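2 protein chains.
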Amino acid sequence: MSEVRVHNFAISLDGFGTGEPQTRETPFGHAGERLHEWMFKTRAWQGPGGSEGPDHAFAARNEQGIGAEIMGANKFGPPGWQDDPDWKGWWGPNPPFHTPTYVLTHRPRPSIDMDGGTTYHFLNAAPQEALEQAREAAGDRDVRIGGGASIIRDFVAAGLVDHLHIVQVPILLGRGSRVWDGLEALEETYDIETTSTASGVTHLTLTKRRPRPVEQAE
Amino acid sequence: MSEVRVHNFAISLDGFGTGEPQTRETPFGHAGERLHEWMFKTRAWQGPGGSEGPDHAFAARNEQGIGAEIMGANKFGPPGWQDDPDWKGWWGPNPPFHTPTYVLTHRPRPSIDMDGGTTYHFLNAAPQEALEQAREAAGDRDVRIGGGASIIRDFVAAGLVDHLHIVQVPILLGRGSRVWDGLEALEETYDIETTSTASGVTHLTLTKRRPRPVEQAE
């Protein structure tokens, strides 16, 4: 079965995935672009000439084998975007998703076809139900949970996420939206590996443990 | 002038330096010994035969050049130790401090001479005032801030700490006492370096930036 993955979700040392306030001018609040500078330097982001070390290797996985994305309302737009009938996301006419993309919101609207293969669908649905729709659209490819922090928390708490890649950036935001809240004892169901790189970030990978295959009797 | 240092302060991925509840049987609450297993394996802890890699190199710094320690009431004993006139800390007759050791508490008691050079002094004092006393006792050696989380936060927030070594352990405690709260933008006054090691922990070192020496005029 296809897997459910989180990639390149950047947090501060104190665990915040965004600062505050989130506005149309400041999508990440007072964090600005500081959570993502490590990624902007990679080949995955800027193409030839970008760095090809471990930051790139991790960043590039974001695109590999993904057939659908699920994101939260706070990723799709600034607070109140639901009141703007013309809001079509931050990413312009050709968004970087190139797959069916499910936006979880309590105020759904009709789907929007964008250029480049992205279609936005708006769902008022619990994680399990949203995932069923995204999985069907993704076929044998995987489903990416795109954030923000609260959506990642909800999907992890519901036991739905196979792999998380979290990037810890050496800044202290002090306020915003925390990704780890309510996820006590995650180490009991995930193998956690850590890799700090020359750019100063630390990549955390959490991989869900699978039941061992039953050994065949002799 | 002597410096003020924090060493080997271990936290979970979600930033907790202890779990809960803290009792006489469970000094670190539900964290148990999991925050410190990385340290128990080092030569610094167990002597010859212990690991001598980066975990040891960091751990051993705890003892080097220290002339006094300051700790919080929650490190010295379980909640309510102030009601027990016989409580002399967790560490037995020969505690591992071997220097004057200042315990910050709202209910001070007379000093206690222990074996091996440790003397416990009990102070009802603000960080700056406690540090002045500890510095005088330490002479030209440094002062260690021994924790717990709230004392470290208080001394850092007061601008008194030159160097912090925090060890991030790949577990999620979910509750307890957080070390990073209220320390927004620490990266503006500290250089932050990160090193993940084979044991799975990530060492974070925060080193206070110093004003550049004024260049001599020609």
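Chains G and F, in that order, are what the protein sequence lines are.
The numbering of the first sequence is the working numbering, which starts it at 1 and goes up by one.
The numbering of the second sequence is the working numbering, which starts it at 1001 and goes up by one.
All C-beta atoms in this analysis are idealised placements derived from N, C-alpha and C, irrespective of residue type, glycine included.
What you are looking at is a predicted structure, and each value in this text was computed from that prediction instead of being measured.
Listed by position along chain G, the residues whose Cβ is nearer than 7 angstroms to that of Pro1170/F are Glu187, Ile192, Thr194. For Ser1150/F, the enclosing alpha helix (DSSP H) begins and ends at 1149 to 1157.
Scanning chain G for C-beta atoms nearer than 7 angstroms to the C-beta of Trp1045/F yields nothing, as the closest lies near 21 angstroms away.
Listed as beta-bridge partners of Thr119/G by DSSP are Pro100/G, Asp113/G. DSSP places Asp191/G in the uninterrupted beta strand (DSSP E) bounded by 190 to 196. For Gly200/G, the neighbours in chain F by C-beta distance under 9 angstroms run, in chain order, Ile1192, Glu1193, Thr1194. Residue-level contact check: Trp1180/F touches chain G, since one or more beta carbons of chain G fall below 8 angstroms from its beta carbon. For Glu1037/F, the closest Cβ of chain G is not nearer than 8 angstroms. By the 16-neighbour rule on beta-carbons within 10 angstroms, Met71/G is buried.
For Leu1160/F, no Cβ of chain G is located within less than 8 angstroms of the residue's own Cβ. The beta carbon of Gly1117/F is closer than 6 angstroms to those of His1098 in its chain, skipping five residues each way along the sequence. Around Arg209/G, no beta-carbon contact reaches into chain F at under 9 angstroms, the shortest distance being about 14 angstroms.
If you check each beta-carbon in the stretch 9 to 34 of chain G against every beta-carbon of chain F, the ones closer than 8 angstroms belong to Leu13, Asp14, Gly15.
The C-beta of Gly1174/F comes closer than 8 angstroms to at least one C-beta of chain G. For Met1/G, the secondary structure class from DSSP, reduced to helix, strand or coil, is coil. Closest by C-alpha distance to Asp1113/F, out of His1106/F, Tyr1102/F, Arg1107/F, is Tyr1102/F. Taking Ala138/G as reference, the option from Thr105/G, Gly65/G, Pro127/G, Phe16/G with the minimal CA-CA separation is Gly65/G. For the set Ala1073/F, Asn1008/F, Phe1076/F, Pro1108/F, the Cα lying nearest the Cα of His1036/F is the one of Asn1008/F. Within the same chain, Pro127, Gln128 come within 7 angstroms of Ala158/G by CB-CB distance, once the 5 residues on both sides are set aside. The Cβ of Leu104/G sits no closer than 8 angstroms to any Cβ of chain F. Ala44/G and His165/G have their C-alpha atoms spaced approximately 15 angstroms apart. With a cut-off of 8 angstroms on Cβ pairs, the stretch 197 to 204 of chain G is in contact with the stretch 1182 to 1194 of chain F, counting three or more such pairs. Pairing Arg1209/F with Ala59/G, the inter-Cα distance amounts to about 31 angstroms. Against chain G, a Cβ distance below 8 angstroms from Leu1183/F picks out Asp14, Leu172, Gly174.
By the beta-carbon neighbour count (other beta carbons within 10 angstroms, threshold 16), Asp1086/F is exposed. When DSSP states are grouped into helix, strand and coil, Leu186/G belongs to the helix group. Arg34/G and Arg1109/F have their C-alpha atoms spaced approximately 48 angstroms apart. When only Cα atoms are considered, Gly19/G and Gly29/G end up about 4 angstroms apart. Per DSSP, the continuous beta strand (DSSP E) segment holding Arg144/G begins and ends at 142 to 145. Cβ contact annotation for Ile171/G (same chain, cutoff 6 angstroms, sequence separation greater than five): Ser12, Arg34, in chain order. As a beta-bridge residue in DSSP terms, Gln168/G pairs with Ile11/G, Thr202/G. Counting every other CB atom within 10 Å of its CB across the protein chains shown gives Gln22/G a total of 16 or more, marking it as buried. DSSP places His106/G outside both helix and strand once states are collapsed to three, so it counts as coil. Distance from the CA atom of Leu1123/F to the CA atom of Asp1181/F, rounded to whole angstroms, is 24 angstroms.
For Gly1176/F, the closest C-alpha among the options Arg1005/F, Asp1014/F, Val1004/F, Val1006/F is that of Asp1014/F.
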